[in-house]
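Enquirer:
Residue numbers (the numbering used here): 175 to 460.
Set out below in structure tokens:
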């Protein structure tokens with residue numbers, strides 16, 4: 175591949191990462207809306223059932239192809255990190271804090287991504303990338319310490335730290351799988367595993383109440399709309415975009431766009447959910 179084609183591929187990958195993270199930024203708000211009605215594992219079970227169903231519709235319609243004869247073990251490991259562990263931690267973190275805090279904590283993913291990429295893939299990152307990553311980390315700490323956190327708890331912060339670690343690990347594993355599996359194949363197996371795990375978890379935690387909660391959520395047009403956004407746009411579309419982006423970007427480059435999700439989540443939470451967004455919420459504000 176020539177230098178011009180390589181640059182074009184990187185630009186497409188960067189555009190995919192930007193689009194995916196903008197979509198993710200809004201997902202904090204929609205998750206919060208759903209979690210006001212149903213429990214965490216019910217929301218995740220519905221989200222990934224919708225996502226996996228949508229992907230199977232595309233496969234059955236022969237819009238895309240999936241080769242499941244390959245060795246699926248690397249993809250199952252990928253799916254364990256994302257969505258199983260990451261979304262468990264993220265959703266619990268959102269429930270224990272709010273959209274502003276959760277979005278800000280996820281902004282620390284670039285720092286973790288740089289470190290993991292350097293250690294495991296021997297990728298180099300620039301001083302500029304490190305500085306911007308540390309600025310995101312400092313901003314998250316300031317928000318957590320400020321009085322404008324609006325419901326933040328130590329437990330919520332710790333859970334979100336686990337989400338940061340697993341989110342960064344996902345980018346690392348996805349890049350390692352990029353040469354053998356398409357972005358759609360990676361996403362397909364991830365969501366198949368996610369659906370199986372979260373439906374099982376919902377059955378265990380809710381028992382006979384699962385059908386009632388699911389019916390209540392799907393029968394409310396507002397909650398159903400939020401679930402469709404989470405399942406189709408924020409899951410299928412966004413993850414295909416992110417899995418595509420790591421084909422041509424380093425882990426540090428791919429995770430650096432997480433900051434866009436932070437900005438979008440803050441603004442959306444403040445505008446649509448009336449969550450606190452004062453001067454101290456923005457890193458560096460006086």
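C-beta atoms are modelled at their ideal positions from N, C-alpha and C, and glycine is treated no differently.
(1) Under the assumption that residue 427 contacts residue 344 (Cβ atoms under 8 angstroms), give the Cβ distance between them as a whole number of angstroms.
(2) At what residues does the alpha helix (DSSP H) containing residue 359 begin and finish?
(3) Beta-carbon within less than 7 angstroms of residue 294's beta-carbon, same chain only, minus the 5 sequence neighbours each way: which residues are those?
(4) Less than 8 angstroms between the C-beta atoms of residue 212 and residue 337, yes or no?
(5) Three-state secondary structure (DSSP) at residue 240?
(6) Would you say the segment 370-380 touches the segment 230-249, given that touching needs at least three Cβ pairs under 8 angstroms?
(7) Is DSSP giving residue 260 helix, strand or coil here?
(8) Report all residues from its chain with a CB closer than 6 angstroms to the CB of residue 179; omit the five preceding and five following residues, and keep chain order.
(9) Figure out for me which residue from 242, 348 and 238 has the closest Cα to the Cα of residue 290.
(10) Nearest CA to the CA of residue 352: which residue from 209, 252, 218 and 220?
(11) Using the three-state DSSP reduction, which class does residue 335 fall into: helix, strand or coil?
(12) Using the C-alpha atoms, what's the distance from residue 254 back to residue 244?
(13) Given a threshold of 16 other Cβ atoms within 10 Å of its Cβ, counted over all protein chains shown, does residue 194 qualify as buried or as exposed?
(14) Which of the three DSSP states, helix, strand or coil, is assigned to residue 246?
(15) Residue 260: which of 327, 342, 189 and 436 sits nearest, CA to CA?
(16) How do the segment 372-385 and the segment 184-199 stand: do at least 3 beta-carbon pairs fall below 8 angstroms, yes or no?
(17) What's the gap between the Cα of residue 222 and the Cα of residue 301?
Expert: Per the coordinate set shown:
(1) Here residue 427 corresponds to residue number 253 of the chain shown, with the count starting at 1. Here residue 344 corresponds to residue number 170 of the chain shown, with the count starting at 1. About 15 angstroms; that fails the 8 angstroms criterion.
(2) One-based indexing of the chain shown puts residue 359 at position 185. First-last of the alpha helix (DSSP H) with residue 359: 357-380.
(3) Locating residue 294 in the chain shown gives position 120, counting from the first residue. Here the set comprises 346.
(4) The residue given as residue 212 occupies position 38 in the chain shown. The residue given as residue 337 occupies position 163 in the chain shown. Not closer than 8 angstroms, so no.
(5) In the chain shown, counting from the first residue as 1, residue 240 sits at position 66. If DSSP states are grouped into helix, strand and coil, residue 240 belongs with coil.
(6) no
(7) Here residue 260 corresponds to residue number 86 of the chain shown, with the count starting at 1. Here residue 260 sits in helix by DSSP.
(8) Position 5 of the chain shown, counting from 1, holds the residue named residue 179. Nothing listed; no residue qualifies.
(9) Reading the chain shown from its first residue, position 116 is the one you call residue 290. The candidate whose alpha carbon is nearest that of residue 290 is 348.
(10) For the purposes of this step, residue 352 is taken as the residue at position 178 of the chain shown. It is 252 whose Cα lies nearest to the Cα of residue 352.
(11) For the purposes of this step, residue 335 is identified with residue 161 of the chain shown, where counting begins at 1. In this structure, residue 335 counts as helix in the three-state DSSP scheme.
(12) As a first step, residue 244 must be located in the chain shown, where it is residue number 70. As a first step, residue 254 must be located in the chain shown, where it is residue number 80. Going from the Cα of residue 244 to the Cα of residue 254 covers about 18 angstroms.
(13) Within the chain shown, the letter at position 20 stands for residue 194. So residue 194 counts as buried.
(14) By one-based count along the chain shown, residue 246 stands at place 72. If DSSP states are grouped into helix, strand and coil, residue 246 belongs with coil.
(15) The residue given as residue 260 occupies position 86 in the chain shown. Ranking the options by Cα distance to residue 260, first place goes to 342.
(16) no
(17) Your numbering for residue 222 matches position 48 in the chain shown. Your numbering for residue 301 matches position 127 in the chain shown. The straight-line gap from Cα to Cα measures roughly 38 angstroms.
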